[in-house]
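The listed protein sequences correspond, in order, to chains A and B.
The numbering of the first sequence is this note's numbering, which starts it at 12 and goes up by one.
The numbering of the second sequence is this note's numbering, which starts it at 10 and goes up by one.
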Amino acid sequence: DGGITQSPKYLFRKEGQNVTLSCEQNLNHDAMYWYRQDPGQGLRLIYYSQIVNDFQKGDIAEGYSVSREKKESFPLTVTSAQKNPTAFYLCASSSSGPNTEAFFGQGTRLTVV
Amino acid sequence: GESVGLHLPTLSVQEGDNSIINCAYSNSASDYFIWYKQESGKGPQFIIDIRSNMDKRQGQRVTVLLNKTVKHLSLQIAATQPGDSAVYFCAENIQPSGSARQLTFGSGTQLTVLP
Chain A
12 DGGITQSPKY
22 LFRKEGQNVT
32 LSCEQNLNHD
42 AMYWYRQDPG
52 QGLRLIYYSQ
62 IVNDFQKGDI
72 AEGYSVSREK
82 KESFPLTVTS
92 AQKNPTAFYL
102 CASSSSGPNT
112 EAFFGQGTRL
122 TVV
Chain B
10 GESVGLHLPT
20 LSVQEGDNSI
30 INCAYSNSAS
40 DYFIWYKQES
50 GKGPQFIIDI
60 RSNMDKRQGQ
70 RVTVLLNKTV
80 KHLSLQIAAT
90 QPGDSAVYFC
100 AENIQPSGSA
110 RQLTFGSGTQ
120 LTVLP
C-alpha cells in the first residue's frame with residue numbers, strides 16, 4: 012500500500028520540550044516537504060529536501076529542525092525555540108522535476124499544553 | 010517575497026450549481042500549477058494540474074483555467090455536490106534563483122455546498 016505516512020496523528024507537548032514528528036514515504040520520491048497550517052490559514056513551508064542529506068529552509072524555519080538521512084524519511088523536530096508550535100503539520104513528497112504534484116500525509120496535530 | 014493568493018476566503022453554492030474558485034499568483038516564473046482539495050482534519054488531495062504552456066485543462070467535473078497575462082488561475086466545479094464541500098488551495102511549483110524547486114500554496118477558499 013504505497014503512500015506517505017505521518018505519525019502520530021495527535022501529539023501533546025509540554026512547553027519547553029522538543030518533539031519529533033515522523034514522516035515516511037514508500038513512493039520512491041526524491042523531494043519531501045514540511046508545512047505548517049494554522050486554523051483558517053493556508054500552508055506555510057517550513058523545510059524541504061530535494062535529495063538525501065540535503066535540505067533547505069522554507070519561509071518559517073525558525074524553531075524547527077529536520078534531517079534527511081534516508082530517502083524514505085524526513086522527520087521534523089519542533090524545538091523549544093518555536094514560540095507558537097500548536098498547529099497542524101503536513102508532510103508531502105514528490106518526484107523531482109518541474110511538473111510533478113506533491114502527495115500529502117494525513118497530518119499531525121500538535122498541541123502545546 | 011512573491012506569493013500565491015486567493016480572492017475569496019469563503020464561497021457558498023447551491024447543490025447542483027457550478028462553482029468557480031479563483032487564485033492570483035505574482036511569480037511570473039511559475040511554470041506549473043496545482044489545485045488541491047482539503048477536507049477537515051485531513052491532508053490536501055490532488056484535484057487537477059496545469060502547465061504554464063496551457064490555458065485550460067479539464068478533468069471529471071473540474072476545469073482549470075490559466076491566464077498568464079493577468080497571472081490568474083481558476084477552478085471550475087460543475088454540478089457541485091455536498092461532497093465537494095472543503096477548502097481548496099491553489100499551489101505553484103517554482104524554482105527560485107539559486108534555490109531548489111518548491112511548492113508554494115495560497116491561503117485557500119472554503120467551499121460550502123448548500124442543500
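Backbone N, C-alpha and C fix where the C-beta goes; we use that ideal spot for every residue, glycine too.
Predicted model only: the values in this text are computed from it and were never measured.
Considering only C-alpha positions, which residue in the set the options is nearest to residue i?
i	options	result
residue 94(A)	64(A), 47(A), 27(A)	27(A)
residue 122(A)	61(A), 71(A), 99(A), 78(A)	99(A)
residue 124(A)	29(A), 41(A), 85(A)	29(A)
residue 32(B)	42(B), 87(B), 25(B)	42(B)
residue 112(A)	33(A), 35(A), 40(A)	40(A)
residue 82(B)	100(B), 112(B), 70(B), 68(B)	100(B)
residue 48(B)	95(B), 35(B), 34(B), 55(B)	95(B)
residue 33(A)	109(A), 108(A), 68(A), 81(A)	81(A)
Label residue i either buried or exposed according to how many other C-beta atoms from any shown protein chain fall within 10 Å of its C-beta, with 16 as the threshold for buried.
i	result
residue 62(A)	exposed
residue 23(A)	exposed
residue 19(A)	exposed
residue 84(B)	buried
residue 17(B)	With a pLDDT of 46 at residue 17(B), under the threshold of 50, the predicted position of this residue should be treated as unreliable, though the coordinate-derived value follows. So residue 17(B) ends up on the exposed side.
residue 116(A)	buried
Report yes or no: is there a C-beta of chain A within less than 8 angstroms of the C-beta of residue i?
i	result
residue 116(B)	yes
residue 112(B)	yes
residue 102(B)	yes
residue 91(B)	no
I want to see whether chain B comes within less than 8 angstroms of residue i, judged by CB atoms only; does it?
i	result
residue 23(A)	no
residue 110(A)	yes
residue 75(A)	no
residue 92(A)	no
residue 56(A)	yes
Who pairs with residue i in a beta bridge, going by DSSP?
i	result
residue 123(A)	24(A)
residue 76(A)	88(A)
residue 104(A)	43(A), 114(A)
Using beta carbons (cut-off 8 angstroms, strictly below), is residue i in contact with chain E?
i	result
residue 53(A)	No chain E is present in this structure, whose protein chains are A and B.
In chain order, what are the residue ranges of uninterrupted beta strand (DSSP E) at least 3 long that sit wholly in the region 26-73 of chain A? You should have 30-36, 42-48, 54-62, 65-68.
Let me know the beta strand (DSSP E) ranges lying completely inside the region 37-98 of chain B, each 3 residues or longer, listed in chain order. Runs of the beta strand (DSSP E) inside the region 37-98 of chain B: 41-47, 54-60, 65-67, 71-76, 81-86.
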